[in-house]
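Residue numbers for the sequence shown follow this note's numbering, beginning at 8 and rising by one.
Yeah, the Cβ is synthetic: ideal placement off N, Cα and C, and Gly gets one too.
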Amino acid sequence: MAEGEAPNGTHTPKTPTPKHASLALTEYTANPSPKPGSSPRERVQNAGVPESLLLPNGYPDYLRLISTAKVYQVIDETPLTHAINLSNRLECNVMLKREDLLPVFSFKLRGAYNKMAHLSEAERWKGVIACSAGNHAQGVAFSARKLRIPATITMPTGTPAIKHTNVTRMGGNVVLHGADFDEAKAECGRLSAMHGLTNIPPFDDPYVIAGQGTIGKEILQQADLDRLEAIFCCVGGGGLIAGTGVYMKRMAPHVKIIGVETYDANALVQSLKKGERVTLKDVGLFADGAAVKTVGEETFRICSEVVDEVIQVDTDDICAAIKDVFEDTRSILEPAGALSLAGLKKYVERNPSEDTRRQLVAVASGANMNFDRLRFVAERAAIGEKKEALLAVNIPERPGAFAHLVAGVNPMNVTEFCYRYSTPASADVLIGISVPASTRERDIKDLIQRLEQDGMTARDLSGDELAKSHVRYLVGGRSNAENERLFAFEFPERGGALHKFLTTLQPGFNISLFHYRNYGGDIGKVLAGIQCPPGEEAGLEKFLRDIGYGYTEETNNETYKIFMRPVQ
8 MAEGEAPNGT
18 HTPKTPTPKH
28 ASLALTEYTA
38 NPSPKPGSSP
48 RERVQNAGVP
58 ESLLLPNGYP
68 DYLRLISTAK
78 VYQVIDETPL
88 THAINLSNRL
98 ECNVMLKRED
108 LLPVFSFKLR
118 GAYNKMAHLS
128 EAERWKGVIA
138 CSAGNHAQGV
148 AFSARKLRIP
158 ATITMPTGTP
168 AIKHTNVTRM
178 GGNVVLHGAD
188 FDEAKAECGR
198 LSAMHGLTNI
208 PPFDDPYVIA
218 GQGTIGKEIL
228 QQADLDRLEA
238 IFCCVGGGGL
248 IAGTGVYMKR
258 MAPHVKIIGV
268 ETYDANALVQ
278 SLKKGERVTL
288 KDVGLFADGA
298 AVKTVGEETF
308 RICSEVVDEV
318 IQVDTDDICA
328 AIKDVFEDTR
338 SILEPAGALS
348 LAGLKKYVER
358 NPSEDTRRQL
368 VAVASGANMN
378 FDRLRFVAER
388 AAIGEKKEAL
398 LAVNIPERPG
408 AFAHLVAGVN
418 PMNVTEFCYR
428 YSTPASADVL
438 IGISVPASTR
448 ERDIKDLIQR
458 LEQDGMTARD
468 LSGDELAKSH
478 VRYLVGGRSN
488 AENERLFAFE
498 FPERGGALHK
508 FLTTLQPGFN
518 ISLFHYRNYG
528 GDIGKVLAGI
538 QCPPGEEAGL
548 EKFLRDIGYG
558 YTEETNNETY
568 KIFMRPVQ
């Protein structure tokens, strides 16, 4: 087993992507509902699956449920697109299952509509309800309009207007309630019980799973089965991979079913490893459409039987995959929508083959991208493609030293150069370099050795999240602030949120550093230095616990020591 590699084809992350434990800021980070105490047969019957569609063991016959799904009352089959540029680069046939072309730009419409189309007349008359501010909400609202069913969607009060406006435009009744999704989910349950509304779950339901499973049915008809090696699905709650996998394994068992998760939202990886569902303490939020604390009960049962492997990727991998799809299709996927392709690329890297005709399918699951996020994606895509390296270089502080550094880097292109005077003896420079992906490791190693021979020292920071998210914008000399501790905070990004954060962050200690950058997502990120005199550590730590924002201490981070702390 390679260094850093874990069972089930996974790898240990070098650096995490943003997490938030204190508030349920996206729908899937809300605390999961309590486990039902009923038997498998009772659970699926309660979900509306008739006895005639159950197997002898009491579980649903998904082959029949998928074959009789009603999704084609509202959608057409989505195309399987050949990603020509990426195929040429990876030397295999990369196919994209274009779920981003559905009316709500996401595969979620399939499951929501199939569930609602199977409701009884009495259930339709009373109406449906769901807790969501994302693709599931739009799928439910769109389906309700087509089926003429009243639909209520609960969301937290701080949900961005564009999200609840889209649902309202489709005819859904939006109820804004609570500070986060835990409170909105509780309100959803209360309204459901009070008015007899049918809750439409996002993934853990036989009819929802069967709706998503029609993707597998279409791939079976569209792909070249003799060449088809694997299908890659993003994994959140598990509905997509469970539905696709259970159909393909019955019809074409030789095809690998491979899930893709981020390193810091890997509930399926951990659950499969342990043999039971695991609830994560916190999850990374970049791929927010797949940021789930625990996979569904029924989806996990299916995944345990049909999933061959789960691959983990990081933020940079996802950004590079978004760029790949854009270059081949001129479409822009959301981060969760590009998860599958990021995993496909890593699979090809780990499993080289001389068969250039082998076919690999990535389900492009969604394209509800926040436009303001594109800046961040573009900045990080080059690192994700392994075409850019970020180095910290210590050089002598003398005239001509910079020119000497650039000459040492030649013929590589310099993409970024950050510096400010710090000490009379030496200078620390943050430098970005363009490198070919195929020879990246060798080229960086050779460059570092060349620089060392010229009296300079260099360190590769390409995998350091602090360097990529903050320090590259902050390089400006060291601080002589005494007793400084560094913290990375996260808070819900909405109107007035930064002002609220600043008024809250008043620990009674001096703030010696502050950096904020809007990522265009639901989460704001702040880097703050706080001077904590000796003996006051307990008070500072109590304050940090009480303010309710997620944070990570970065005081011992090597990048921080290189660029912002005094020379010891």
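**Request:** Under the assumption that residue 538 contacts residue 488 (Cβ atoms under 8 Å), give the Cβ distance between them as a whole number of angstroms.
**Result:** 6 Å
**Message:** I'd like the ranges of any beta strand (DSSP E) spanning at least 3 consecutive residues and lying wholly in the stretch 427-498.
**Reply:** 433-441 and 464-467
**Asked** When we look at the beta-carbon of residue 480 and count the other beta-carbons within 10 Å, is it buried (16 or more) or exposed?
**Response** exposed
**Asked** Helix or strand or just coil, what does DSSP make of residue 263?
**Response** strand
**Asked** For residue 559, which residues of its own chain have a beta-carbon under 6 Å away from its beta-carbon, when the five flanking residues on both sides are left out?
**Response** 495
**Request:** Can you check the stretch 322-373 for any alpha helix (DSSP H) of at least 4 residues that lies completely inside it and give the ranges in chain order?
**Result:** 322-336 and 342-357
**Message:** Tell me the rounded alpha-carbon separation between residue 90 and residue 176.
**Reply:** 34 Å
**Opposing strand residues paired with residue 424 [DSSP bridges]** = 438
**Asked** Is it buried or exposed for residue 199, if we count other Cβ within 10 angstroms and need 16 for buried?
**Response** buried
**Item:** residue 541, DSSP secondary structure in three states
**Value:** coil
**Item:** residue 43 (DSSP reduced to helix, strand or coil)
**Value:** With a pLDDT of only 48 at residue 43, under 50, the local geometry of the prediction cannot be trusted, and no value is derived from it.
**Request:** Write down the C-beta distance between residue 138 and residue 363 rounded to the nearest angstrom, noting that I regard them as a contact closer than 8 Å.
**Result:** About 46 Å separates the two Cβ atoms, so there is no contact after all.
**Asked** Is residue 550 near residue 530, with beta carbons less than 9 Å apart?
**Response** no
**Request:** Work out the CA separation of residue 534 and residue 557 for me, nearest whole Å.
**Result:** 12 Å
**Prompt:** Would the beta-carbon of residue 285 fall within 9 Å of that of residue 301?
**Reply:** yes
**Request:** Tell whether a beta-carbon distance below 9 Å holds between residue 92 and residue 334.
**Result:** yes
**Message:** Taking the straight line between their C-alpha atoms, what separation do you get for residue 115 and residue 58?
**Reply:** 26 Å
**Message:** I'd like the span of the alpha helix (DSSP H) that includes residue 275, first residue to last.
**Reply:** 274-281
**Prompt:** Among 216, 267 and 243, which residue has its Cα nearest to the Cα of residue 237?
**Reply:** 267
**Request:** Spell out the partners DSSP gives residue 184 in its beta bridges.
**Result:** None, per the DSSP bridge assignment.
**Prompt:** Given 8 Å as the limit, is there contact between the stretch 271-280 and the stretch 176-190, that is, 3 or more CB pairs closer than that?
**Reply:** no
**Request:** Please name the residue in 433, 152, 146 and 371 whose C-alpha comes closest to that of residue 399.
**Result:** 433
**Message:** Assuming residue 558 is part of the alpha helix (DSSP H), what are its boundary residues?
**Reply:** It is not in any alpha helix (DSSP H) - residue 558 instead sits in the beta strand (DSSP E) that spans 557-560.
**Endpoints, beta strand (DSSP E) assigned at residue 112** = Residue 112 -> no beta strand (DSSP E), and no H or E assigned at all.
**Item:** Buried versus exposed call for residue 79 [16 or more other C-beta atoms within 10 Å across all chains shown]
**Value:** exposed
**Item:** Cβ contact (3+ pairs, closer than 8 Å) linking the stretch 367-377 and the stretch 327-347
**Value:** yes
**Item:** Contacting residues, own chain, Cβ-Cβ under 6 Å from residue 101 (five flanking each side not counted)
**Value:** 90, 93, 94 and 367
**Request:** Taking the CB atoms as reference points, tell me whether residue 354 and residue 69 lie closer together than 9 Å.
**Result:** no
**Message:** Rounded to the nearest angstrom, what separates residue 577 and residue 110 at their Cα positions?
**Reply:** No information on residue 577 is available, as it lies outside the stretch 8 to 575 that the chain covers here.
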